[in-house]
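Chain order of the listed sequences is A and B. The first sequence begins at 300 in my numbering and counts up one residue at a time. The second sequence begins at 1089 in my numbering and counts up one residue at a time. Structure record follows, encoded as structure tokens.
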Amino acid sequence: MVINSLININQYVIAAFLIFLVPVIMFPLILLIGKFSETGKRISGILATTGIFISFILSWFIYSNGTFSFNPGDYYFNFEFPWFGNITWGVFVDPLAITMALMVSGVSFLIHMFAIGYMGKDPNKHVYFAETSLFTGGMLGLVLSANLVMFFLFWELVGLCSYLLIGFWYFKPNAASAAKKAFIVTRVGDVLLILGLAVLYWMTFSSNDPLSIYNLNTQIPLIISRMHSNLDLAIAGALILGGVAGKSSQFPLHVWIPDAMEGPTTVSALIHAATMVTAGIYLVARIYPIYLYALPWAGLLVLYMGAFTAFLAGTIGIVVNDVKRILAYSTISQLGYMLAALGVGIVLGESTVGYSLYHLVVHAFLKALLFLSAGSILFMLLDVRDIRKMGGLWKKMPITISAMFIGALTLIGFPPLAGYFSKDAIISLSYYGYLHNTALFWAWFLLLIGAFLTTVYTFRMFFVVALGKPKSYAAENAKDPPWVMIIPLIVLSGLSIIYGLFQTDFYNFFNGVYQMTTMHFDIPWYIEWLPFILVLFGLLVAYLFYASYKLNPDTVARKSGIFYRIVKNKYYLDVLFTNIIAERFMVILAKLFYAIDKYVVDGIVNGVGIIFRILSEYFRKIQTGIVQYYAAIMLAGLIAILITVFILIGGI
Amino acid sequence: MVYYYFYMAPIILILFAIISMILIPFMNKKWIMGISSTGIFISLLLSMYVIITDNRSFYTSSDFFTISYYTYLFFMLFSFIGLFSSLSLRNVKERDVSIYYILIPFSLMAMYFAISSNNLISLFVSFEAASISTYALAGMPKEKRTLEASIKYFVIGALSSGIILLGISYYYISTDTFSIISVNGVNNFSLYILSLVLLLVGFGFKLSLFPFHNWAVDTYTGARATVSSLLSTASKIMALIIMINIFFNIQYMKTPYSSHIHFTTNGILYILFIIISILTMFYGNITALMQRDVKRMLAYSSIANAGYMAMIFSLLYYDSYKTFIPLIYLVIFIFSLAYVIMKGGSFLAMENFEAYSKSTTLDDLSGLSKRSPILAISFTVLLFSLAGIPPTLGFMGKFYLFYTLVENNFWWLALIGVINSAISVYYYFRVVMYMYWKEPRVEIKKDTLLEMVVLLMAILAVIIGILTPYIYSIMG
């Protein structure tokens, strides 16, 4: 077991623990002071923001002194102390973890700051800030865990907080049911995840520190060569992928995330940009050697789950009218890109993790930006979410819509912005992978079409929201929100614009883990520029349909008939899950189990209970209160024991 | 030698406290209380220091006593509960209470010598010293109820002393020595096994194992709760450690009589202990189900806990049982630590009711959350711990005990323990239900000091519970 004694604690270890402990401790603190004082309620937002900021500073402290200097030359530090049996508890920090920690704390900080304005008038805002603080703390703990069991605990904490926050306005029936749906759907994934962890544990429990992330990253080849086939590993990987599908909302478990838009917009921003959905991507990246050494179908499953989701969510995004749901489908689609980039790694090696993570960070910036600008719009428009009731907002709230414009351009991957460097790199990567292995062709194709779809739905939303004439009273009277909400928008816009500059640096910092240099793609120039051409084409399509109204989208919808209906109904997945599986199949099963429970289980339990009660009444009578009886019972006991002994030894 | 004297400091200090209290009779009550509590507190700190410095090579032995790391491990528990028991004596309305302040440190000292004895003579003397001082404590203050408790305890105690003496004499006849740890051959197998059975019965009375348990219910219920907290924890753990010292050091021997099945000394004892522990657990838990008096329920649950503790003797099954001693000390230490904190804390919570309303039924506790939220939440935590709900210390104690059993192929015995644990949840949670979901019926007066003590116990039960795996790994 890797047990560091307490002497090994240095300032980095303490900082790493504090990164997630500070926001977690903020949770009871804010709840208490908010409950007992009105001032406490007022400063709850500032407290939460400060807590996250401390986490950010600490992450930066570890990053900037980033030699990770337990042992010179190592790119990680690992501190564990024993917990249950051979399971440990601690922090594992490497470039992957610290990148995530920086992203999570930084973006969360900006979102919290925005929320000070956004949630300012809510009577329960101390509850909100306590919960988001715990949410962020849970995510930071997940990122820094040294052990998959600890990881799983924080994973569940994040799930719980998302449930609480999506249902924060619990008096809205939609919000309550959306929270329930999010919780149940991710639970399905979590069952698969826990099965995957069980398989992994079964494979590694003979090693002295099973399920520790350090071991999983270094000793997988050793474990395979020692006893197990890579089939077991592939099964474990596939099961864990089920958990990823739940958390990171990949097909077919993506159905919860559009409904989760019922929560406050800042919660959506947190879930989509920083704290929740990236956890699944991070998990795959964290235990990447499993997919690398497993049978190739596990990796292909990762790839095609990602690529297919990227395509599927893109198509639905085009027909949705709720501004937040469009962004939700866009998140699902972009997460698909990240997962696909990880999947390509089975062909190209583990340095593709860097590509995936770069897109993850860029996506965090742009998605936080888009959600916060959408949040400003909703804040000023009194929660009108239908884009058909907006329109002409660029003139009314110029800063917000400009920020949204930058976010939209970044999302579609327009050249000088960060999205271009992150997303087109993934598409090129998949083509490069196809050159090595023809099985990757359709992944590249789906991702390519996904880029086109991204452009269409993003700019459909943008054109309808920003251009034209205001289509409602609220839209006519909109104006820019207060400064506390503007500053995060500006910061995030800046990051979205300039972050592309750091592409090579990011890959290099990242690939230090694997001691690999950045790849050079040896692919034809027209393939490299194909995504950009499709983006331009998509912009043209969106302009023709939604800005100039030269073409009428309704005509197209009517002509395409059945296809439109399928997409409009989200491929009938909700119908399948709710109406068929839940209401037809599960209800019958539930009735059956209820009958068993009521007549068999309850019967046994109650029967046993009655027997115990009768026994209890009977035993009480031994306790007469008369001391002579006690002595007699004692001596009788002695004699009984002696008789037993004599029977046992068989004579005297 | 100075080194050894330093390690003797805790017990020397407590001895000084006793002597000074006896020699200065004109002191007033406050001084006596101060000296008693301070003496116990400092010796608690010193024994903690001995443990934390973790000098396991420290070991001194004579013909009568073996004093080692483990002695202080358990003495720490005794003085821990002794301290709080002594602190909460201040509620007792009695003209001359100072004698009880002397008796508590005296019984602690006797317990210390009892668990460190390696010779039946010194063991008997110190065991009796501990017993007699607790007989007197049980009769405090002079009321009909407490006197009855004390007399019952005394009568059964006298009987069991007789049995122990008989066992000791058979032991001497069969082995030619009084020593527990160095027996050079046994000349009469029947007498030897008979003496061990008599010792089992005699000390099993103190541990309140099944057929010898009746006194415990009446005594724990009748005595003052603060005394019960000492009786049901320290005195019981003392008996358990004595039994571990005796039975894990017995001479390994095959029965000379039976030709086809060869039972051994330890083989016979392990069967006895398993039967007794199963009966004790079931008896304690099932009888507690229908109790409406919370204090009596706690008394029955302490009998059930004695059953859990006795399960550890199933390890006698292995012929190499002597090698288990360090593991057993460790597991029993964690279990006893949990037991002391939660059972002692629960009885001290009862003291809060005893002192003012004289009655501790469920009705007295109902609606406690509205009258005294701190006491209610602390008592709830302690009850959760007794029921063995995960983050608490009670869970950890049971976990390591059952884990040890499972690791040594007694999974079925551990299963019986788990079933019993499940039964016990019913009566513990009923109390919680009464405290939180029923309306208050009786007024109680608040005692802030006691509330704080119970709160401290609850906090310890959670914090140490979380840290237990770490403690286990550094001590194991």
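Virtual Cβ for every residue (Gly too), placed ideally from N, Cα, C.
Spatial neighbours of residue i within its chain, please: C-beta separation below 6 Å, excluding the five flanking residues on both sides.
i, result
"SER1424 (chain B)", "LEU1165 and ILE1325"
"THR1375 (chain B)", "TYR1388"
"LEU677 (chain A)", "THR564"
"LEU357 (chain A)", "ALA314, LEU317 and ILE318"
"ASN1373 (chain B)", "ALA1392, ASN1508, ILE1511 and SER1512"
"ILE711 (chain A)", "THR753, THR754, THR757 and VAL834"
"ARG1233 (chain B)", "GLY1310"
Tell me where the beta strand (DSSP E) around residue i begins and ends.
i, result
"GLU379 (chain A)", "376-381"
"TRP388 (chain A)", "387-392"
"SER1156 (chain B)", "1154-1156"
Taking Cβ-Cβ distances shorter than 9 Å, what residues in chain B pair up with residue i?
i, result
"SER432 (chain A)", "Going along chain B, no residue has its Cβ under 9 Å from SER432 (chain A), so there is no contact; the nearest lies around 22 Å."
"LEU496 (chain A)", "Simply none; closest approach about 19 Å."
Run through chain B and tell me which residues come within less than 7 Å of residue i, C-beta to C-beta.
i, result
"LEU941 (chain A)", "VAL1285"
"GLU383 (chain A)", "The amino acid at residue 383 (chain A) is misidentified as Glu; the sequence shows Phe. Ordered by position in chain B, the residues that pass the 7 Å Cβ test against PHE383 (chain A) are PRO1557."
"PHE380 (chain A)", "TYR1558"
"ARG883 (chain A)", "Near ARG883 (chain A) there are no residues of chain B at all, since even the closest Cβ is about 37 Å away, more than 7 Å."
Do you know how far the Cα of residue j is from the Cα of residue i?
i, j, result
"LEU439 (chain A)", "TYR311 (chain A)", "15 Å"
"LYS770 (chain A)", "VAL622 (chain A)", "15 Å"
"VAL683 (chain A)", "LEU734 (chain A)", "48 Å"
"LEU1567 (chain B)", "ILE1551 (chain B)", "This structure cannot settle anything about residue 1567 (chain B), because the visible part of chain B is limited to 1089 through 1564."
"ILE1422 (chain B)", "ILE1511 (chain B)", "22 Å"
"PRO714 (chain A)", "PRO780 (chain A)", "30 Å"
"VAL1243 (chain B)", "LYS1458 (chain B)", "42 Å"
"TYR1258 (chain B)", "PHE1266 (chain B)", "10 Å"
"ARG1518 (chain B)", "LEU1474 (chain B)", "13 Å"
"VAL301 (chain A)", "ALA481 (chain A)", "Note on VAL301 (chain A): pLDDT 41, under 50, position unreliable in the model; no value is reported."
Could you name the residues of chain A that residue i contacts, counting a contact when the two beta carbons are closer than 9 Å?
i, result
"SER1323 (chain B)", "Ordered by position in chain A, no residue passes the 9 Å Cβ test against SER1323 (chain B), which lies about 17 Å from the chain."
Under a three-way DSSP split, which group does residue i fall into?
i, result
"LEU937 (chain A)", "helix"
"VAL301 (chain A)", "Its pLDDT being 41, under 50, VAL301 (chain A) is placed unreliably in this model, and the value from its coordinates should be taken loosely. Coil."
"TYR1147 (chain B)", "strand"
"ASN1440 (chain B)", "helix"
"SER1270 (chain B)", "coil"
"THR1159 (chain B)", "helix"
"LYS1324 (chain B)", "helix"
"ASN1333 (chain B)", "helix"
"SER511 (chain A)", "strand"
"PRO371 (chain A)", "Low per-residue confidence applies at PRO371 (chain A): pLDDT is 45, beneath 50, and the placement is therefore not dependable, though the value from the model is reported in the following sentence. Of the three classes helix, strand and coil, the one that applies to PRO371 (chain A) here is coil, per DSSP."
Name, please, each residue of chain A whose Cβ falls closer than 8 Å to the Cβ of residue i.
i, result
"LYS1294 (chain B)", "Within chain A, no residue comes near LYS1294 (chain B); the closest Cβ sits about 12 Å away, beyond 8 Å."
"TRP1303 (chain B)", "VAL926 and TYR929"
"ILE1269 (chain B)", "Result: empty, since nearest Cβ-Cβ is about 23 Å, beyond 8 Å."
"ILE1359 (chain B)", "THR943 and LEU947"
"TYR1371 (chain B)", "PHE918"
Starting from residue i, find everything on chain B with Cβ-Cβ shorter than 8 Å and list it in chain order.
i, result
"GLU916 (chain A)", "MET1378"
"ILE861 (chain A)", "Result: empty, since nearest Cβ-Cβ is about 54 Å, beyond 8 Å."
"ALA935 (chain A)", "PRO1299"
"ARG912 (chain A)", "LEU1377 and MET1378"
Between which two residues does the alpha helix (DSSP H) carrying residue i extend?
i, result
"SER701 (chain A)", "697-711"
"PHE1370 (chain B)", "1353-1377"
"ASN473 (chain A)", "472-503"
"ALA597 (chain A)", "595-618"
"GLN633 (chain A)", "622-647"
"PHE1401 (chain B)", "Note, PHE1401 (chain B): premise wrong, no alpha helix (DSSP H); not H, not E."
"GLU1236 (chain B)", "1232-1263"
"GLU827 (chain A)", "824-841"
"LYS424 (chain A)", "424-443"
Who are the near neighbours of residue i in its chain, counting only those whose CB is closer than 7 Å to its CB and skipping five residues on each side?
i, result
"ILE353 (chain A)", "VAL321"
"LEU659 (chain A)", "THR577, ILE580 and MET637"
Can you pull the chain A neighbours of residue i, defined as C-beta to C-beta under 7 Å?
i, result
"ASP1306 (chain B)", "GLY924"
"LEU1415 (chain B)", "Within chain A, no residue comes near LEU1415 (chain B); the closest Cβ sits about 15 Å away, beyond 7 Å."
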